[in-house]
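**Q**
Number of protein chains: 2
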Amino acid sequence: MARYQRVADSIRERIAQGLLSVGDQLPTEPELANEYALSRLTVRRALDVLQAEGLIEKFHGRGSFVRRPPRRVTYVSRCGVQLDQPTDGVEIENYVKPSSVLAEAPVASLMQVEPGTELAEYLYIAMRDREPYGLARIYVPLELSNLLTASTGHVPWGAEICQGLKAAGVRLARISERVVSRLPSQDEAESLNLAAGATVLVIERTAVDDQGRVAEGAHLVMPGDRVEVVFSTALAEPAGR
Amino acid sequence: MARYQRVADSIRERIAQGLLSVGDQLPTEPELANEYALSRLTVRRALDVLQAEGLIEKFHGRGSFVRRPPRRVTYVSRCGVQLDQPTDGVEIENYVKPSSVLAEAPVASLMQVEPGTELAEYLYIAMRDREPYGLARIYVPLELSNLLTASTGHVPWGAEICQGLKAAGVRLARISERVVSRLPSQDEAESLNLAAGATVLVIERTAVDDQGRVAEGAHLVMPGDRVEVVFSTALAEPAGR
DNA sequence: CAGTGGTCTAGACCACGAA
DNA sequence: TCGTGGTCTAGACCACTGT
Chain Z
1 MARYQRVADS
11 IRERIAQGLL
21 SVGDQLPTEP
31 ELANEYALSR
41 LTVRRALDVL
51 QAEGLIEKFH
61 GRGSFVRRPP
71 RRVTYVSRCG
81 VQLDQPTDGV
91 EIENYVKPSS
101 VLAEAPVASL
111 MQVEPGTELA
121 EYLYIAMRDR
131 EPYGLARIYV
141 PLELSNLLTA
151 STGHVPWGAE
161 ICQGLKAAGV
171 RLARISERVV
181 SRLPSQDEAE
191 SLNLAAGATV
201 LVIERTAVDD
211 QGRVAEGAHL
221 VMPGDRVEVV
231 FSTALAEPAG
241 R
Chain H
1 MARYQRVADS
11 IRERIAQGLL
21 SVGDQLPTEP
31 ELANEYALSR
41 LTVRRALDVL
51 QAEGLIEKFH
61 GRGSFVRRPP
71 RRVTYVSRCG
81 VQLDQPTDGV
91 EIENYVKPSS
101 VLAEAPVASL
111 MQVEPGTELA
121 EYLYIAMRDR
131 EPYGLARIYV
141 PLELSNLLTA
151 STGHVPWGAE
161 ICQGLKAAGV
171 RLARISERVV
181 SRLPSQDEAE
191 SLNLAAGATV
201 LVIERTAVDD
211 QGRVAEGAHL
221 VMPGDRVEVV
231 FSTALAEPAG
241 R
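Chains as they are written, first to last, in UniProt numbering: chain Z, 1 to 241; chain H, 1 to 241.
Quick look at the structure:
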C-alpha cells in the first residue's frame, strides 16, 4: 500500500480515537511531513484523501481542520421543497429571493413552455450550521404565482406552495422527479462551499396538474455527501380491492 | 489560473475539436510534459482533472485514453430492477447469481427481519459496453423465493420478480426508495472499474405487501456519473374525483 | 509581517501491461 | 523486456489569512 494511504489511515485513526476532535486544527503540512519522515507532497496527498472523504477541511492560509461528520439531510418527495432532518435540533434557515425571469432553454424544457416565456422564479438558499447546503430554484407560471402571493400574502415556502396552488384551484395529478449526481459548476462549488472533487446531487422536479400543464418546476442542487433522497410510492391497487 | 488547469483546458479543447477522438490514446505523460514545457507532475494533475470529469481514462501500464462520453442509464422506480436506456441500441447483459444468505445487520434492517434470518439473495452484475455499470443485490424472504422459482422455472430477473410475487399471491402496497451518493468501497470501486475519486449512487428499495411485510428488498450500486434516477408519482386524488 | 496551504520542478524508482 | 502510469523526494516560490 502506498505511503500516503498509510498516513491517511493513521490520521483517520487519530480522529476515530478522539486524539483529534471536531474543529481541531491538524498539524501543519511541514509538521506532518517531519513527523512521518515523508515529503510534504506525500502528506498532502494523504490530506487530499481525507478531504475527499469529508473527514477534514483545508483552508488556504489557515490550516486543515477536522470536519463535523456530515449529517445527511433528508429530501422527501413531496410538493414544494422539503428538506429536514427532524431530530438533531440544528436550525435550518432559508433565504428566499423571488423574481420573474424569461425561461432559458433548460428551464423552458423543464416547464414545458416556449423559450422566452415569463415565469416566476423563487431562489432559495438553505443554510445550516452557518453553511449553505442547498440551492433551490422553483418556477411557477406567472398567472399561478400571482394567485399564490395574493392568497398567502407573503413569499411562500415549501409546503405552502403546494397548499397555495391547491387553494388557487390547481389539482396536481403527477409529480416527476429526476435525480442526477454530477460535478458542480464553478458557481455551485462556490455557493455551496464545496471541496475540490466533491459532487452535487441535482433533483429536477415537475408537478403536473390535471390539465397536463406544469404547475411547478424545481431545480435543486445539494452537496452529494450531505443529502439522502427518499421516495415512497403507494401502489395503484390498494390492499382492499 | 494554475498551469495544470490550462493544460486541462488545452486537452479538453483538443478533444472537443476532434483532434483526439473516443478511444484514442493520449500522448504519454513525458511527451505532454515536454510539449507543454512543464514537469511531469503538472501534466499528471491536468490528466487527473480530466479523469475526474470522466473525459479520459488512465490505465496503469497502458496509457491514457479518451473516454466514451458517459451515456446515462435511466433507473425507473418500479418493482424489480429496471435499468434501461431504450434508444441507443447498446446491449445490456445481466449475470445473476442466486444464493441464500443469513441477514447481516444492514440487510436485516432493510428487510425488517431479525439479524441471522435466512434470505434468498440474487446478485446481479449488469454489463454494458463490456464494462460493469451496476451491482444489484435483491433479497426476498425464503418462503417467497421458493414460490418464485417454482412459478417461473428459472432465476427471475427484473419485472419477473414483480410478476412472480403477484402470481404467488403477494399484493404489494408500497415501494420506498432511498437514494444516496457516496464514495465506493474498495470492492465496489474494483467491481465497477471506477476511477479514484468517483462516487457511486446507491439505491435502497423495499417493497412492502398489504400485510406490512417486506416482500422484496434491493441494494443497488451504480457509477454516479452514468446513472439518472427517475421517479414518477401519481397523486392520491386522481383528476376524476 | 509570519504562517499556512497551493503550485511547480527535476529527477528517481516502482508496478503494471503487452509483446 | 520495454514503455506506461503510480509514487516519492527535496527544495523552491506563490497566494491567502490573520496579526
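All C-beta atoms, glycine included, are put in the ideal place defined by N, C-alpha and C.
Mapping the DSSP letters down to three states, classify residue 222 of chain Z as helix, strand or coil.
**A** Strand, per DSSP.
**Q** Check whether the Cβ of residue 131 of chain H lies closer than 8 angstroms to any Cβ atom in chain Z.
**A** It does not; no Cβ of chain Z falls within 8 angstroms.
**Q** Distance, Cα to Cα, residue 115 of chain Z vs residue 122 of chain H?
**A** Rounded to whole angstroms, residue 115 of chain Z to residue 122 of chain H spans 47 angstroms at the Cα level.
**Q** Using a Cβ-Cβ cut-off of less than 8 angstroms, list which residues of the segment 179-206 of chain H approach chain Z; keep chain order.
**A** Of all residues in the segment 179-206 of chain H, 179, 180, 181, 182, 183, 197, 199, 201 have a Cβ within less than 8 angstroms of some Cβ in chain Z.
**Q** Roughly how many whole angstroms lie between the Cα atoms of residue 176 of chain Z and residue 103 of chain H?
**A** In a straight line, the C-alpha of residue 176 of chain Z is about 34 angstroms away from that of residue 103 of chain H.
**Q** One question on the structure: do residue 63 of chain H and residue 28 of chain H come within less than 8 angstroms of each other, judged by their Cβ atoms?
**A** Yes, the pair counts as a contact, with Cβ atoms nearer than the cut-off.
**Q** Measure the C-alpha to C-alpha separation of residue 134 of chain Z and residue 124 of chain Z and round it to an integer number of angstroms.
**A** Going by the C-alpha atoms only, they are around 8 angstroms apart.
**Q** Three or more C-beta pairs under 8 angstroms: does that hold for the segment 7-26 of chain H against the segment 168-187 of chain Z?
**A** Because the criterion of three Cβ pairs below 8 angstroms is not met, the segment 7-26 of chain H and the segment 168-187 of chain Z do not touch.
**Q** Please confirm whether residue 73 of chain Z has its beta-carbon closer than 8 angstroms to some beta-carbon of chain H.
**A** Judged by the 8 angstroms Cβ criterion, residue 73 of chain Z is not in contact with chain H.
**Q** Going by DSSP, what residues sit across from residue 209 of chain Z in a beta bridge?
**A** Its beta-bridge partners are Z:172.
**Q** Give the secondary structure of residue 1 of chain H by DSSP, where H, G and I count as helix, E and B as strand, and everything else as coil.
**A** Three-state DSSP puts residue 1 of chain H in coil, outside helix and strand.
**Q** Have a look at residue 67 of chain Z and residue 22 of chain Z and give me their C-alpha separation to the nearest angstrom.
**A** So the two alpha carbons sit approximately 6 angstroms from each other.
**Q** Rounded to whole angstroms, what's the CA-CA distance from residue 192 of chain Z to residue 113 of chain Z? Just pull it up for me.
**A** Looking at the two C-alpha atoms, the distance is approximately 29 angstroms.
**Q** Quick check on this structure: which residue in Z:208, Z:215, Z:181 has the alpha carbon closest to the alpha carbon of residue 200 of chain Z?
**A** Ranking Z:208, Z:215, Z:181 by Cα distance to residue 200 of chain Z puts Z:181 first.
**Q** Considering only residues of the same chain and omitting the five flanking positions on each side of residue 84 of chain Z, which have a CB-CB separation below 6 angstroms?
**A** Confidence in residue 84 of chain Z is poor, its pLDDT being 49 and thus under 50, which makes the residue's placement unreliable; the coordinate value appears in the next sentence. Closer than 6 angstroms at the Cβ level, and outside the excluded window around residue 84 of chain Z, lies no residue.
**Q** Are the C-beta atoms of residue 233 of chain Z and some chain H residue less than 8 angstroms apart?
**A** With 8 angstroms as the cut-off, residue 233 of chain Z counts as an interface residue toward chain H.
**Q** Are residue 7 of chain H and residue 38 of chain H close, meaning C-beta to C-beta below 8 angstroms?
**A** Their beta carbons are under 8 angstroms apart, which means residue 7 of chain H touches residue 38 of chain H by this criterion.
**Q** Have a look at the DSSP bridge pairing and note the partners of residue 45 of chain H.
**A** DSSP lists no partner for residue 45 of chain H.
**Q** Using CA coordinates, which residue listed in Z:18, Z:128, Z:54, Z:44 is at the minimum distance from residue 194 of chain Z?
**A** Out of Z:18, Z:128, Z:54, Z:44, Z:54 has the C-alpha closest to the C-alpha of residue 194 of chain Z.
**Q** Hey, quick one: how far does the beta strand (DSSP E) through residue 135 of chain Z stretch, first residue to last?
**A** 131-141 is the span of the beta strand (DSSP E), which, as asked, contains residue 135 of chain Z.
**Q** Determine which residues share a DSSP beta bridge with residue 98 of chain H and list them.
**A** Residue 98 of chain H is bridged to H:122.
**Q** Determine the contact status of residue 119 of chain Z and residue 141 of chain Z, defining contact as a CB-CB distance below 8 angstroms.
**A** It is a contact, given that the beta carbons lie within the stated cut-off.
**Q** Residues in its own chain within less than 6 angstroms of residue 26 of chain Z by CB, not counting five upstream and five downstream?
**A** Correct list, in chain order: 64.
**Q** Which chain Z residues are close to residue 228 of chain H, counting only those with a beta carbon under 8 angstroms from its beta carbon?
**A** Those are 178, 179, 180, listed as they occur along chain Z.
**Q** Since residue 99 of chain H meets chain Z, which of its residues come closer than 9 angstroms, beta carbon to beta carbon?
**A** Per Cβ cutoff of 9 angstroms: no residues; residue 99 of chain H is ~29 angstroms from chain Z at best.
**Q** Alpha carbon to alpha carbon, how far is residue 198 of chain Z from residue 49 of chain Z?
**A** Cα-Cα distance, rounded: 12 angstroms.
**Q** Three-state secondary structure (DSSP) at residue 246 of chain Z?
**A** Coverage of chain Z is limited to positions 1 through 241, which leaves residue 246 of chain Z absent and any answer about it impossible.
**Q** Using a beta-carbon distance below 8 angstroms, is residue 145 of chain H in contact with chain Z?
**A** Not one chain Z Cβ lies under 8 angstroms of residue 145 of chain H.
**Q** Check each candidate in Z:144, Z:46, Z:131 and name the one with the smallest Cα separation from residue 71 of chain Z.
**A** Selected option, being the one with the closest Cα: Z:131.
**Q** From the DSSP output, in three-state form, read off residue 62 of chain Z for me.
**A** Three-state result, residue 62 of chain Z: coil.
**Q** Quick one: using the 10 Å Cβ neighbour count with 16 as the cut-off for buried, is residue 143 of chain Z buried or exposed?
**A** The residue is exposed, with fewer than 16 neighbouring Cβ atoms inside 10 Å.
**Q** Which one of H:34, H:139, H:105 has the shortest CA to CA distance from residue 162 of chain H?
**A** Selected option, being the one with the closest Cα: H:139.
**Q** Give the residues from the UniProt domain "HTH gntR-type" (1-69) of chain Z that approach chain H closer than 8 angstroms (Cβ to any Cβ), ordered along the chain.
**A** So the list reads 52, 53, given in the order they occur along the chain.
**Q** How would you label residue 59 of chain Z, buried or exposed, when you count the other beta carbons within 10 angstroms and need 16 or more for buried?
**A** Exposed, since its Cβ has fewer than 16 Cβ neighbours within 10 Å.
**Q** How many Å lie between residue 224 of chain Z and residue 219 of chain H at the Cα?
**A** The alpha-carbon atoms of residue 224 of chain Z and residue 219 of chain H are separated by roughly 19 angstroms.
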